[in-house]
Every structure is written in structure tokens, then in C-alpha cells.
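Student: Residue 219, in my numbering, is where the sequence shown stops; the numbers in between run on with no holes. Beta carbons are placed, not taken as given, at the ideal position from N, Cα and C, and that holds for glycine.
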Amino acid sequence: MSMKVYFSHGKESGPWGSKIKRLADIAQQKGCTVDSIDYSDILDPDLRVERLLAVLSDADEAFVLVGSSMGGYVSLVAAEQVNAKGIFLLAPALYIEGYEQQSYHPRGLVEVVHGWSDDVIPVDHSIRFAKAADCALHLISGDHRLNSSIEVVEQLFSQFLVSIDQP
53 MSMKVYFSHG
63 KESGPWGSKI
73 KRLADIAQQK
83 GCTVDSIDYS
93 DILDPDLRVE
103 RLLAVLSDAD
113 EAFVLVGSSM
123 GGYVSLVAAE
133 QVNAKGIFLL
143 APALYIEGYE
153 QQSYHPRGLV
163 EVVHGWSDDV
173 IPVDHSIRFA
183 KAADCALHLI
193 SGDHRLNSSI
203 EVVEQLFSQF
213 LVSIDQP
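#1: Relative to the C-alpha of GLU132, which candidate in LEU104, ILE148 and ASN199 has its C-alpha closest?
#2: Tell me, which residues are paired with ALA188 by DSSP?
#3: When you compare the stretch 136-156 with the stretch 113-127, are there three or more beta-carbon pairs, one atom per stretch, that lie closer than 8 Å?
#4: How big is the Cα-Cα spacing for HIS61 and LYS71?
#5: Over what stretch of residues does the beta strand (DSSP E) that includes TYR58 continue unbroken?
#6: Go through its chain and collect everything with a Cβ distance to MET55's Cβ below 7 Å, but skip five positions before and after it.
#7: Note down, in chain order, each residue of its chain lying with its Cβ closer than 8 Å to the Cβ of ILE94, except the 5 sequence neighbours on either side.
See below:
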């Protein structure tokens with residue numbers, strides 16, 4: 053699998069938090085290269101989209117976008133302007149007041165994972181998005197960080213990467 057995985061972290065976290073590290077390990081085991089963009093100096097989600105697009109403008113191989121929370125919004129909005137093979141979203145911050153974009157039209161395979169007990173981003177937002185996008189939605193036990201269900205997230209991500217690699 054010759055592909056690059058770009059991770060976009062959430063508002064409060066950093067580029068190599070425990071969740072991203074664990075998913076990056078899975079991507080590397082599958083032969084992917086990984087990069088995790090550091091947005092910690094930017095609070096505005098739409099400026100984060102611009103940073104991701106700038107990084108992707110140099111991409112010379114097939115790639116996948118993975119985003120958590122605000123990073124999910126960033127990945128999804130950027131995906132409308134690039135040719136990602138897939139987009140994997142963890143509790144994405146969609147339909148949030150003050151974020152520039154409120155409707156989403158991604159290209160490529162999209163999968164969403166959201167915890168039932170998320171008290172930061174309502175699970176209903178991911179249900180609304182997945183219904184509109186007609187994409188896979190995995191509602192699992194856990195809160196916004198999904199740490200209590202990280203093994204489930206790892207399995208879903210692994211299956212996602214395998215499904216993208218199918219010709």
C-alpha cells in the first residue's frame with residue numbers, strides 16, 4: 053500500500069497525541085507513510101483548512117485524510133478541493149456555530165466514528181452528516197476523546213485502510 057496518511061488534530065490537542073500515534077502505527081504497519089500537521093498556533097478552523105491545503109499542494113502520492121474533532125472539520129472541508137482517496141473522521145466538529153462552512157460535499161470514501169457519550173460535539177451532528185453524505189457511520193461506546201474505545205477505533209481504521217486499497 054503506497055499511500056500517505058495526513059492527520060489533523062483537534063482544537064485542544066497536538067499533532068502527536070496518543071490517539072494519532074496509535075492510528076499512525078496502524079498506517080505504518082500497512083505500508084503507509086504518515087504526517088501529522090501541527091495546527092497548535094492556529095485557533096481558527098478555516099485558517100487550519102488553508103494550512104492543510106498548503107501542505108497537500110505538494111502531495112505527489114495517493115493520500116488519505118484523518119481528522120479528529122476540529123481536525124475532522126478541517127479534513128472534510130479541505131477534501132472538497134483535493135483528491136483524497138479517503139477521509140476518516142473521529143467525532144468531527146461539524147455544523148458548529150462560527151465555522152465558515154455548514155454544508156459538506158466530500159469526494160472519496162468517507163467514514164465517521166463518533167462516541168455515544170460525546171458531550172463536546174453532539175452525536176446528532178455526525179448522524180446528520182452521514183445521512184446527507186450517505187457514508188458509513190460507526191457509533192461506538194465512549195466520549196469525545198474515544199480513548200475508552202481506542203481498540204475499536206483502531207480496528208475500524210485498519211479496515212478503512214484495507215478497503216481503500218482495493219482496486
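Tutor: With the structure as the only source:
#1: LEU104
#2: GLU163
#3: yes
#4: 9 Å
#5: 56-60
#6: CYS84, GLU113, ALA114, PHE115, VAL116 and LYS137
#7: ARG100 and ARG103
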